[in-house]
């Protein structure tokens, strides 16, 4: 990461039979950036992300994540990234503390480190009362915040968030984005897929995917200017209808 | 290794906190073995019979005494006339009536033969069959005993010996079967459900994105069930030895080793099921329909394979349980060693490798 790029993707392609799920996408993400990866359902966001986090092999193209190659160094990638899925997947039948201990453990954190992390999280998120409660009993908003904290446990360089705010109320979403900013301030890179266009406005840079291709990319402000739109939602609708920039 | 222990620990939390799986794991084996051992039985034990003795002479009384003192029958009542027979059966308690003809003893001596009429309640044909067989054998014994004292006339004396299970205890047949079912159930069904659960909840994805390798994830899910299955196998063997007095003629170590092999076969089947099933319910349905039914019907557990139609006999060969039942029957009842069960053992090993092979292949496809 001499040049400060933590994700570098060039012509990355994923083909399922005759269907091009991801069609030669290219982009770069800098360290500490919040990168919004936008697109409608079925546009190929999740497929693209799965290639970057090392659980799906690309059909062609190149990609480096955290300085490692997605073809040959998936193990190293996995050690250096965090991942939060849209299901906020923690174990419902384990307590908050047990979940943290378990996930810290599979990332190879020592017992002492895990204890330290639990302490920090308890103060930061005010978990005193719920640390020994089963996760299943917590409201969705809490699960989501916990899930994000768990994905940050091993201090990853990049965190991939797959539609992290699906189904939660606006206030919790707002709080959640504060957590994202906080992480970015500390130098973590955040790769966020979402289809909430208002959320996309919080990102440093967004890319908009339509039918497997990246149709537009840049800081939200620039994109709005380029497409003559008041907000990203309009930009998105214009792209989806197949129109070109004004210039 | 430390990661692995953490993983196994987490798996035990899941099992421990889910009352349903706890029940399946420990309640079911004990309930099943007791049920099959005590309630569901083919044996005759203190069956109530009625006697219609129209002769009342020394011979009939001797035969009746033999019946009464055997542990198979207890005499419910003595009837006075043939007209009472039907009424007795309708009451339902008495399962058979033994009717001695008039002047039984006299005819025996003078003509050399006399007739006993045997009426059995055939609403339950199997029981009726066994009852008549037992009664006949008692009469036969009596016949032989009087023939021994007489001189003259050639005679055939049959001596039957029921090898390996002299008392024809049906629990001897059920224990191997129940053990097979339970190990299959715990290993295959519980693992496939618990892996499918991770998929359903989305935690599987998180685990795959973590630095754990897929085989570590699967191993972590499987190890707790190996331990629990072994505990179950031990409980079943102890129950059958101490409660049902079932002998273990062969080597306990061999029995243990073969059980572990069968546990591995079942686990690999469970893993295979979980590569197909996306939800816990599907996993459970496949396990129940695809594993339990064939195990009960086609493994030779209840219905003898030899008397099945040929196509079913052929199909029974692909059922792992069939081979395992042969193995444990061999070890527990016949006391045989590896020399007699190596073929079955190799088949089980082959099946295990085959299931693991397909699972890995299917898993790779998913990853592509």
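Residue numbers (the numbering used here), protein chains in the order written: chain P, 110 to 356; chain H, 2 to 369. Every residue gets a Cβ at the ideal spot worked out from N, C-alpha and C, and that includes glycine.
Quick check on residue 110 of chain P: buried or exposed, where buried means 16 or more other Cβ atoms within 10 Å of its Cβ? In the first chain, residue 110 of chain P corresponds to position 1, counting from 1. Unreliable placement is indicated for residue 110 of chain P, whose pLDDT of 42 sits below 50; the coordinate value is still reported in the next sentence. Exposed.
Limits of the unbroken alpha helix (DSSP H) element including residue 335 of chain P: Working through the first chain from its first residue, we reach residue 335 of chain P at position 226. Run containing residue 335 of chain P: 329-336, per the alpha helix (DSSP H) assignment.
By the three-class DSSP mapping on this structure, what secondary structure does residue 154 of chain P have? As a first step, residue 154 of chain P must be located in the first chain, where it is residue number 45. Residue 154 of chain P: helix per DSSP, three-state reduction.
Starting from the Cα of residue 253 of chain H, find the closest Cα among H:335, H:227, H:295 and give me that residue. Within the second chain, the letter at position 252 stands for residue 253 of chain H. The shortest Cα separation from residue 253 of chain H among H:335, H:227, H:295 belongs to H:335.
I want to verify the contact list: residues of chain H whose CB lies under 7 Å from the CB of residue 192 of chain P, in sequence order. Along the first chain, one-based indexing puts residue 192 of chain P at 83. The contacting residues are 207, 210.
By the DSSP assignment, the beta strand (DSSP E) with residue 319 of chain P in it spans what residues? Here residue 319 of chain P is taken as the residue at index 210 of the first chain, counted from 1. Where residue 319 of chain P is concerned, the enclosing beta strand (DSSP E) stretches over 314-319.
Please list, in chain order, the chain H residues whose beta carbon lies closer than 7 Å to that of residue 188 of chain P. Along the first chain, one-based indexing puts residue 188 of chain P at 79. The answer, in chain order, is 212.
Does the Cβ of residue 226 of chain H have 16 or more other Cβ atoms within 10 Å, making it buried, or fewer, making it exposed? For the purposes of this step, residue 226 of chain H is taken as the residue at position 225 of the second chain. It counts as buried.
Here's the rule: buried if 16 or more other CB atoms are within 10 angstroms of the residue's CB, otherwise exposed. What is residue 24 of chain H? Along the second chain, read from residue 1 onward, the residue named residue 24 of chain H stands at position 23. By the 10 Å Cβ count, residue 24 of chain H comes out exposed.
Between which two residues does the beta strand (DSSP E) carrying residue 78 of chain H extend? In the second chain, the residue the question calls residue 78 of chain H occupies position 77. Per DSSP, residue 78 of chain H belongs to the beta strand (DSSP E) from 74-80.
Use the C-beta contact count for residue 114 of chain H: other C-beta atoms within 10 angstroms, 16 or more gives buried, fewer gives exposed. Residue 114 of chain H sits at position 113 when you count from the first residue of the second chain. Flag for residue 114 of chain H reads exposed.
Simplified DSSP assignment, three categories, for residue 252 of chain H: Counting from 1 along the second chain, the entry for residue 252 of chain H is found at position 251. It is coil, neither helix nor strand.
Within the region 226-286 of chain P, ranges of the alpha helix (DSSP H) (whole runs, at least 4 residues): 249-261
To which residues of the same chain is residue 295 of chain H closer than 7 Å at the C-beta, ignoring the five residues directly before and after it? As a working mapping, residue 295 of chain H is identified with position 294 in the second chain. Around residue 295 of chain H: 320.
CB contact flag (residue 265 of chain P, residue 222 of chain P, <8 Å): The count along the first chain starts at 1 and reaches residue 265 of chain P at position 156. The count along the first chain starts at 1 and reaches residue 222 of chain P at position 113. In this structure, residue 222 of chain P does not lie closer than 8 Å to residue 265 of chain P by Cβ.
Among the candidates H:238, H:223, H:217, whose CA atom is the shortest distance from the CA of residue 35 of chain H? Stepping through the second chain from its first residue, residue 35 of chain H is reached at position 34. The shortest Cα separation from residue 35 of chain H among H:238, H:223, H:217 belongs to H:238.
Over the uninterrupted alpha helix (DSSP H) stretch that includes residue 189 of chain P, give me the two end residues. If you number the first chain from 1, residue 189 of chain P lands on position 80. Segment 183-189, the alpha helix (DSSP H) holding residue 189 of chain P.
If I'm right that residue 135 of chain P touches residue 118 of chain P with Cβ under 8 Å, what's the distance once you round it to whole angstroms? As a working mapping, residue 135 of chain P is identified with position 26 in the first chain. As a working mapping, residue 118 of chain P is identified with position 9 in the first chain. With 8 Å as the limit, residue 135 of chain P and residue 118 of chain P qualify as a contact, their Cβ atoms being about 6 Å apart.
Using the Cβ count rule (16 or more neighbours within 10 Å means buried), how would you classify residue 204 of chain P? Here residue 204 of chain P refers to the residue found at position 95 when the first chain is read from its first residue. It counts as buried.
By DSSP, does residue 114 of chain H sit in helix, in strand, or in coil? Residue mapping note: residue 114 of chain H aligns to position 113 of the second chain, counting from 1. Note: residue 114 of chain H maps to coil in three-state DSSP.
Determine the extent of the alpha helix (DSSP H) in which residue 3 of chain H is found, giving its start and end residues. Taking the second chain and counting its residues from 1, one reaches residue 3 of chain H at position 2. Note, residue 3 of chain H: alpha helix (DSSP H), 3-18.
Listing by chain order, which chain P residues have their CB less than 7 Å from the CB of residue 4 of chain H? Walking along the second chain from the start, residue 4 of chain H turns up at place 3. Ordered by position in chain P, the residues that pass the 7 Å Cβ test against residue 4 of chain H are 214, 215, 217.
Between residue 331 of chain H and chain P, is any beta-carbon pair separated by less than 8 Å? Here residue 331 of chain H refers to the residue found at position 330 of the second chain. No, residue 331 of chain H lies away from the interface with chain P (no Cβ there is under 8 Å from its Cβ).
Pull up the distance between the alpha-carbon of residue 128 of chain P and that of residue 196 of chain H, whole angstroms please. Mapped onto the first chain, residue 128 of chain P falls at position 19. Mapped onto the second chain, residue 196 of chain H falls at position 195. Answer to the nearest angstrom: the Cα atoms are 30 Å apart.
Cβ separation of residue 218 of chain H and residue 208 of chain H, assumed to be a contact under 8 Å, to the nearest whole Å: Within the second chain, numbered from 1, the residue matching residue 218 of chain H stands at position 217. Within the second chain, numbered from 1, the residue matching residue 208 of chain H stands at position 207. With a Cβ gap of about 5 Å, residue 218 of chain H and residue 208 of chain H count as contacting.
Name the chain P residues that come within less than 9 Å of residue 8 of chain H, Cβ to Cβ? Along the second chain, read from residue 1 onward, the residue named residue 8 of chain H stands at position 7. Those are 211, 214, 215, listed as they occur along chain P.
Along the chain, where does the alpha helix (DSSP H) containing residue 206 of chain P start, and where does it finish? Indexing the first chain from 1 puts residue 206 of chain P at position 97. Where residue 206 of chain P is concerned, the enclosing alpha helix (DSSP H) stretches over 205-215.
When the Cα atoms are used, what is the spatial distance from residue 63 of chain H to residue 85 of chain H? The residue labelled residue 63 of chain H in the question sits at position 62 within the second chain. The residue labelled residue 85 of chain H in the question sits at position 84 within the second chain. In a straight line, the C-alpha of residue 63 of chain H is about 23 Å away from that of residue 85 of chain H.
In whole angstroms, what separates the C-alpha of residue 141 of chain P from that of residue 162 of chain P? Residue mapping note: residue 141 of chain P aligns to position 32 of the first chain, counting from 1. Residue mapping note: residue 162 of chain P aligns to position 53 of the first chain, counting from 1. Whole-angstrom Cα-Cα distance: 18 Å.
For a minimum of 4 consecutive residues, which ranges assigned as the alpha helix (DSSP H) are wholly contained in the region 298-348 of chain H? 311-317, 321-330
Give the residues of chain H in contact with residue 178 of chain P, contact being defined as C-beta atoms less than 8 Å apart. Counted from its first residue, the first chain places residue 178 of chain P at position 69. None at all; the shortest Cβ gap to chain H is about 16 Å.
In this structure, how does DSSP classify residue 66 of chain H when only helix, strand and coil are distinguished? For the purposes of this step, residue 66 of chain H is taken as residue 65 along the second chain, with counting starting at 1. Residue state, collapsed to three classes: helix.
Below 8 Å on the Cβ atoms is my guess for residue 101 of chain H versus residue 55 of chain H; work out the distance and round it to an integer in Å. By one-based count along the second chain, residue 101 of chain H stands at place 100. By one-based count along the second chain, residue 55 of chain H stands at place 54. Residue 101 of chain H to residue 55 of chain H, Cβ: 6 Å. Contact.
I want to know whether the region 299-309 of chain P touches the region 262-278 of chain P - three or more CB-CB distances under 8 Å. yes
Could you tell me whether the region 347-364 of chain H touches the region 253-273 of chain H, using the rule of 3 or more Cβ pairs below 8 Å? yes
At least one CB of chain H closer than 8 Å to the CB of residue 246 of chain P: is that the case? As a first step, residue 246 of chain P is located in the first chain; it is residue number 137 there, counting from the start. Not closer than 8 Å to any Cβ of chain H, the Cβ of residue 246 of chain P fails to qualify, so no.
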